[in-house]
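In full-length UniProt numbering, the protein residues as written are 1 to 414. Structure record follows, encoded as structure tokens.
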């Protein structure tokens, strides 16, 4: 009697990828549209931009600090339980955002609760679960498909949210988003992440003695590539948090309409869907560290040109297309480098640690944007900081040693 064999990549269940994409779309899409709420919320409450910026910066910090812990919980107890809890926390945070009467209340809902929800419903947990179900040569493909579905949902949310704000107001729209977050928990039952491929799956898909987390963490913390990825990811978080939080307001300050801001955010989300898939697929064909360096180069060049040229509808559309194509393509490439070096058994934990650098940058990008604007009345300093960090990130990825040490870790655990 033969043990059941692992599924082939061609029979990878689309229900798994669809549900993974739905979770990513809800979590990242709800975060992606937060910038649309800044001006109407602050206008009604009478607060300065720093209040909203600090809440989103705190969200990035909570997300980054706790992502390694939540990633380990998903590695240890399974993806499904963690996602259900995360959807509930996310829904509660959006509900609190809809009625928070003080900046402290806004920070509690947007910063703490949504930050916790994001740790359990985004890349570390979802991609970690997928990596344990997919053949190594097709991991980039699977993560790209799930990320692409999530990106399309992000795109659809932008006009829906703007229409909701225009017709119902910002507070009821947030409550509707909270209901969607709660309902998304129902998709988690499909996300069974029992290992089927690689050493973690054992012989013929059966269980194997796991490598303890301690040796993996010690080796990762002593590996230069781990720290180079972490530092490089910091610039990604800074750039995305700055643009996601402040781009609509920047465009309004420059005399463009609210519709232009909505179009830019929507176009970023749409091209992001294809960018994530393309980066995931390219990661199966070429060395990921070089793809990462090239991606940061294209993104940084786009920011420099957009900042220097006169602002127009055409320049905005071109900028949004390029930014979207490079927006979250870093994620499947970064997780791919980690999987290449350390294996997938504790990929959620390791990506969570690398993601801490991303979110440290995200905190600075969101909060400093509001702080510097309130102090100077301009975002120019933030554009220059974003460009400088992007240039540094290019240089950081090139020397990464991406040779696998998974067999060494297994021998140490034997």
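C-beta: ideal position from N, C-alpha, C; glycine also.
Euclidean distance between Cα positions of residue i and residue j
| i | j | result |
| --- | --- | --- |
| residue 345 | residue 131 | 9 Å |
| residue 174 | residue 188 | 22 Å |
| residue 72 | residue 311 | 45 Å |
| residue 19 | residue 190 | 7 Å |
| residue 295 | residue 96 | 37 Å |
| residue 208 | residue 80 | Unreliable positioning characterises residue 208 in this predicted model, as indicated by a pLDDT of 47, which lies under 50. The coordinate reading is nonetheless provided below. So the two alpha carbons sit approximately 21 Å from each other. |
| residue 402 | residue 226 | 10 Å |
| residue 153 | residue 85 | 21 Å |
| residue 160 | residue 170 | 12 Å |
| residue 24 | residue 126 | 8 Å |
| residue 445 | residue 17 | Any question about residue 445 goes unanswered here, given that the chain covers just 1 to 414. |
| residue 224 | residue 66 | 23 Å |
| residue 383 | residue 315 | 16 Å |
| residue 41 | residue 50 | 13 Å |
Same chain, Cβ closer than 6 Å to residue i, neighbours up to 5 away in sequence not counted
| i | result |
| --- | --- |
| residue 9 | Bear in mind that the predicted position of residue 9 carries a pLDDT of just 41, short of 50, making it too unreliable to give a figure here. |
| residue 279 | 329, 332, 333 |
| residue 59 | 110, 111, 114, 115 |
| residue 394 | 293, 296, 297 |
| residue 200 | Bear in mind that the predicted position of residue 200 carries a pLDDT of just 49, short of 50, making it too unreliable to give a figure here. |
| residue 48 | 374 |
| residue 237 | 358, 359, 361, 362 |
Terminal residues of the alpha helix (DSSP H) in which residue i lies
| i | result |
| --- | --- |
| residue 32 | 14-32 |
| residue 65 | 49-77 |
| residue 113 | Residue 113 -> no alpha helix (DSSP H), and no H or E assigned at all. |
Reduced DSSP category for residue i - H, G, I as helix; E, B as strand; rest coil
| i | result |
| --- | --- |
| residue 433 | Since the displayed the chain opens at 1 and closes at 414, residue 433 lies outside it and no answer follows. |
| residue 323 | helix |
| residue 379 | coil |
| residue 386 | helix |
| residue 415 | Any answer about residue 415 is impossible in this case: the structure gives the chain only from 1 up to 414. |
| residue 145 | helix |
| residue 184 | helix |
| residue 102 | coil |
| residue 122 | coil |
| residue 90 | helix |
| residue 199 | Residue placement at residue 199 cannot be trusted, given a pLDDT of 49 that sits under 50; the coordinates are not used to answer. |
| residue 331 | helix |
Residue i Cβ short of 8 Å to the ligand GTP heavy atom set
| i | result |
| --- | --- |
| residue 81 | As presented, the structure is devoid of all ligands, the ligand GTP included, so that no description of it is given. |
Other residues of its chain near residue i: CB distance less than 7 Å, five sequence neighbours each side excluded
| i | result |
| --- | --- |
| residue 392 | 235 |
| residue 198 | Residue placement at residue 198 is poorly supported in this model, since its pLDDT is 49, which falls under 50; the coordinates are not used for a value here. |
| residue 267 | 317, 320, 321, 324 |
| residue 62 | 111, 112, 115, 116 |
| residue 350 | 220, 338, 342 |
| residue 68 | 349, 352, 353, 356 |
Other residues of its chain near residue i: CB distance less than 8 Å, five sequence neighbours each side excluded
| i | result |
| --- | --- |
| residue 34 | 56, 110, 244, 245 |
Length-filtered (4 minimum) alpha helix (DSSP H) runs lying within the segment 263-318: Qualifying alpha helix (DSSP H) stretches, in chain order: 288-308.
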